[in-house]
Every structure is written in structure tokens, then in C-alpha cells.
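The sequence shown begins at 852 in my numbering and counts up one residue at a time.
Idealized CB from N, CA, C, for every residue including glycine.
Given the structure is predicted, the values throughout are model-derived calculations rather than measurements.
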Amino acid sequence: MPPITLLTTQATTSDKTISNEILKDTYRIVLKWIFVSCALLWQIGY
852 MPPITLLTTQ ATTSDKTISN EILKDTYRIV LKWIFVSCAL LWQIGY
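Following this line, the structure appears as C-alpha cells:
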């Protein structure tokens, strides 16, 4: 992910907080995708 790393390196104010926010966002997205895919599979009948 080049753009995210560029953004974090450019923002010298608080790198850790920004990277933590990005990690939280990606974690939420991954959890949402897992939940949606499991729900869809359950609806289909697997």
C-alpha cells in the first residue's frame, strides 16, 4: 500500500496515532467482509 505509507511518512506530527487509525479502519473493513461473507454463505445453505 504505497499511498498509505506515503501519507504516514509525510505526517510527522503523530505517526503512531495515524497508523493506528489506519489499522483500526482496515480491521473494521475486514471484520465487516468476514461477517457479510459468512451471512451470505449461511443464506445459501453452506
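Alpha-carbon to alpha-carbon, residue j and residue i
i    : j    : result
W893 : E872 : 31 Å
L882 : L874 : 12 Å
I885 : R879 : 10 Å
C889 : T877 : 18 Å
I869 : L891 : 33 Å
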